[in-house]
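This report refers to the structure that appears directly beneath it.
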Amino acid sequence: MNPDLDRLHPYPFQKMAVLHAGITPPADLSRIALSIGEPKHSTPTLITEACSQHLHGLASYPTTRGESALRSTIAHWLQQRFGLQDNSIDPEKHILPVNGTREALFAFAQCIIDRRENPLILMPNPFYQIYEGAAILAGAEPWFMNTTRETDYLPDFDAIPESVWQRCQLLYLCSPGNPTGAVMHTQALQSLLDKADKYDFVIASDECYSEIYFDETSPPPGLLSACQQSGRDKFERCMVFHSLSKRSNAPGLRSGFVAGDATLIEQFFAYRTYHGCAMPPVTQAASIAAWSDEQHVQENRQLYRNKFSAVMDILGPVMNVSLPAASFYLWPETAIDDQHFSQGLLETQNVVVLPGSYLSRETESGNPGKNYVRMALVAPLDDCVEAAWRMRQFVTGD
Numbered sequence: 029m030n031p032d033l034d035r036l037h038p039y040p041f042q043k044m045a046v047l048h049a050g051i052t053p054p055a056d057l058s059r060i061a062l063s064i065g066e067p068k069h070s071t072p073t074l075i076t077e078a079c080s081q082h083l084h085g086l087a088s089y090p091t092t093r094g095e096s097a098l099r100s101t102i103a104h105w106l107q108q109r110f111g112l113q114d115n116s117i118d119p120e121k122h123i124l125p126v127n128g129t130r131e132a133l134f135a136f137a138q139c140i141i142d143r144r145e146n147p148l149i150l151m152p153n154p155f156y157q158i159y160e161g162a163a164i165l166a167g168a169e170p171w172f173m174n175t176t177r178e179t180d181y182l183p184d185f186d187a188i189p190e191s192v193w194q195r196c197q198l199l200y201l202c203s204p205g206n207p208t209g210a211v212m213h214t215q216a217l218q219s220l221l222d223k224a225d226k227y228d229f230v231i232a233s234d235e236c237y238s239e240i241y242f243d244e245t246s247p248p249p250g251l252l253s254a255c256q257q258s259g260r261d262k263f264e265r266c267m268v269f270h271s272l273s274k275r276s277n278a279p280g281l282r283s284g285f286v287a288g289d290a291t292l293i294e295q296f297f298a299y300r301t302y303h304g305c306a307m308p309p310v311t312q313a314a315s316i317a318a319w320s321d322e323q324h325v326q327e328n329r330q331l332y333r334n335k336f337s338a339v340m341d342i343l344g345p346v347m348n349v350s351l352p353a354a355s356f357y358l359w360p361e362t363a364i365d366d367q368h369f370s371q372g373l374l375e376t377q378n379v380v381v382l383p384g385s386y387l388s389r390e391t392e393s394g395n396p397g398k399n400y401v402r403m404a405l406v407a408p409l410d411d412c413v414e415a416a417w418r419m420r421q422f423v424t425g426d
């Protein structure tokens, strides 16, 4: 067996299951789960209809590069969404479809890391655990960039030692962030691009929450737009990861794409050819329909706005919590240990939230997830409101 498998940490939800084992919630309260970031809004009809209309495609093997129509649709969406120059994204060179960003984020590290060079992979802390697992199984050492209230929940790149940058081969970004919802702005992205040039590393920008934000006039920027505004029209050292799971409420479709540096795309294509992960034709047809439509995405954002507004009105007066810049998570601070908070909330209110320390690692300056919990506002509005009132009762004791 691969000995690195023994180095993997239990997944957060495995740890939470152990934490909650033996707890019996009140029988008169229905369970409300806000722990898992799985969208619960209805999948748009245009996606389900496209699936049903293209089942004949199951008779053919798909190609690793995907259909030209899908890549062209994605290129158009990227240019429109991020204000990129017309024809700046070449569907033949800059894009690969993937079966959701999770598998691509993991596989990307396996493709590009040179384990002979004592490599580091940098990642935010708290983080999406796939980054850490990808680093370990690629033969690299994870290096955690703490994101705290003091840094606006963004990495402080200037605080990273020179010796760390010199060993860095890959840096994972998540903007908007999971679990904090923090957004990295263009100037910070451009500064990071300069560091990538200086120290010769690749940036993998996980942007799967980019379409869930609150101000329709100010969508979160992306790494590709930061590249272009810096005159980097070839997107050197950059790869972005996008998904339909959150944007289009289609987590079961397992559809996304990677885009960026043409040289990296070609290397990743070679890896994926052996990996055997081509997107099924029916999924490609549904994806074309999804990336071609923005109305359902705008309606989705409004549903989240309604939930955040209602929940913040309830929890804001009694907890240290702020509205995130984007994403569908709240990241409230707890007055007691986050694990005890999660246990007590389940035991007294039958509401499930994830301890923040399960999403982060201990560092020299502590665990930045400690005494926080992650709430995914994915349940229906009425359930989110009910959960907020129960949490308020738990916090205040009233």
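Sequential numbering of the sequence shown, starting at 29, is according to the numbering used here. Ideal Cβ positions, reconstructed from N, Cα and C, are used throughout, including at glycine. Being a predicted model, the structure only gives us computed values, none of them experimental.
Can you list, in chain order, the residues of its chain whose CB lies under 6 Å from that of LYS43, leaving out five sequence neighbours each side?
Here the set comprises TYR386.
Looking at the unbroken alpha helix (DSSP H) that takes in PHE41, where does it start and where does it end?
Its alpha helix (DSSP H) spans residues 40-48.
So, for GLN197: in the same chain, excluding its five sequence neighbours on each side, which residues have a beta-carbon less than 6 Å away from its beta-carbon?
If we look at GLN197 and ignore the five residues flanking it on each side, its Cβ neighbours are ILE141, PRO147 and PHE229.
So, for TYR227: in the same chain, excluding its five sequence neighbours on each side, which residues have a beta-carbon less than 8 Å away from its beta-carbon?
Correct list, in chain order: TRP193, GLN194 and CYS196.
How should THR465 be labelled, buried or exposed, when 16 other C-beta atoms within 10 angstroms of its C-beta is the threshold for buried?
Limits of the chain in this structure are 29 at one end and 426 at the other, which puts residue 465 out of reach.
In chain order, which continuous runs of the beta strand (DSSP E) of length 3 or greater are located wholly inside the region 282-332?
As far as the region 282-332 is concerned, its whole beta strand (DSSP E) runs of at least 3 residues are 284-288.
In the DSSP assignment, the alpha helix (DSSP H) including MET419 goes from what residue to what residue?
Start and end: 409-424.
Quick one: what's got a C-beta closer than 7 Å to ILE320's C-beta in the same chain, skipping five residues either side?
According to the sequence as given, residue 320 is Ser; it is not Ile. The answer, listed in chain order, is THR101.
Measure how close the beta-carbons of TYR237 and SER355 come, nearest whole angstrom, since I'm counting them as under 8 Å.
About 4 Å separates the two Cβ atoms, so the contact holds.
Cα-Cα, which of PRO207, TYR181 and THR179 is closest to PRO383?
PRO383 has its Cα closest to that of PRO207, out of PRO207, TYR181 and THR179.
Report yes or no: do three or more beta-carbon pairs, one from the region 312-332 and one from the region 357-371, lie closer than 8 Å?
Contact fails: fewer than three Cβ-Cβ distances are below 8 Å.
Quick one: what does DSSP say GLN113 is sitting in, helix, strand or coil?
Reduced to three states, the DSSP call for GLN113 is coil.
For the alpha helix (DSSP H) containing TYR241, name the first residue and the last one.
From DSSP, TYR241 is part of no alpha helix (DSSP H); its letter is neither H nor E.
Output needed for GLU239: all residues of its chain with C-beta closer than 6 Å, excluding positions within five of it in sequence on either side, in chain order.
Closer than 6 Å at the Cβ level, and outside the excluded window around GLU239, lie ARG275 and VAL325.
Leaving out the 5 sequence neighbours to the left and right, which residues in its chain are closer than 8 Å to PHE133 when beta-carbon positions are compared?
Per the sequence shown, residue 133 should be read as Leu rather than Phe. For LEU133, where only same-chain residues beyond five positions count, the Cβ hits under 8 Å are TYR156, ILE158, TYR159, ALA162, TYR200, ALA232, ASP234 and PHE269.
Is it right to say MET29 is buried, meaning 16 or more other beta carbons lie within 10 angstroms of its own, or is it exposed?
Exposed, because fewer than 16 other Cβ atoms sit within 10 Å of the Cβ of MET29.
I think VAL381 touches MET403, with their Cβ atoms under 8 Å apart; what is that distance to the nearest whole Å?
The Cβ separation is near 5 Å, so the contact holds.
Hey, out of ARG99, SER271 and ALA216, whose CA is closest to GLU258's CA?
Note that residue 258 corresponds to Ser in the displayed sequence, not to Glu. Looking at the Cα atoms, ALA216 is the closest of the given residues.
For LEU272, which residues in the same chain have their Cβ closer than 7 Å to its Cβ, ignoring the five residues on either side in sequence?
Result list for LEU272: ALA278, LEU281, SER283, GLY284, SER315 and ALA318, in chain order.
What would DSSP say about ILE123, mapped onto helix, strand or coil?
ILE123 falls in the strand class under three-state DSSP.
Where do the ends of the beta strand (DSSP E) carrying ASP234 lie?
Counting along the chain, the beta strand (DSSP E) containing ASP234 begins and ends at 230-234.
Please name the residue in ASP411, PHE422 and LEU374 whose C-alpha comes closest to that of GLN52.
It is worth fixing the name first, because residue 52 is Thr in this sequence and not Gln. The shortest C-alpha separation from THR52 is found at LEU374.
Are there 16 or more other CB atoms within 10 angstroms of the CB of LEU124, so buried, or fewer, so exposed?
Answer is buried; the Cβ neighbour count reaches 16.
Between which two residues does the beta strand (DSSP E) holding GLU160 run?
From DSSP, GLU160 is part of no beta strand (DSSP E) but of the alpha helix (DSSP H) over 157-165.
Within 10 Å of its beta-carbon, does TYR302 have 16 or more other beta-carbons around it, so buried, or fewer, so exposed?
Exposed, by the Cβ-count rule.
By how many angstroms is the C-alpha of SER388 removed from the C-alpha of LEU47?
The straight-line gap from Cα to Cα measures roughly 16 Å.
Taking contact to mean 3 or more Cβ pairs, one atom from each stretch, closer than 8 Å, check whether the region 179-190 and the region 410-426 are in contact.
Output reads no: the region 410-426 does not touch the region 179-190.
Cutting at 8 Å between CB atoms, please list the residues of its own chain near GLN218, excluding the five before and the five after it.
So the qualifying residues of the chain are ALA254, GLN257 and SER258.
Where PHE185 and CYS202 are concerned, what is the direct C-alpha to C-alpha distance, given to the nearest angstrom?
Each residue's Cα considered, the two are about 14 Å apart.
What does the Cβ neighbour count give for TYR241, buried or exposed, with the cut at 16 atoms within 10 Å?
Buried: at least 16 other Cβ atoms inside 10 Å.
Reducing DSSP to helix, strand and coil, say where MET403 ends up.
In the structure shown, MET403 sits in a strand (DSSP, three-state: E or B).
Exposed or buried, TYR357, counting other C-beta atoms within 10 Å across all chains shown (16 or more means buried)?
The residue in question, TYR357, is buried, as its Cβ has 16 or more Cβ neighbours within 10 Å.
When burial is assigned at 16 or more other CB atoms within 10 Å of the CB, is ARG59 buried or exposed?
By the 10 Å Cβ count, ARG59 comes out exposed.
Take MET340 and list the residues in its own chain whose beta-carbon comes closer than 7 Å to its own, dropping the five residues that flank it on each side.
If we look at MET340 and ignore the five residues flanking it on each side, its Cβ neighbours are LEU351.
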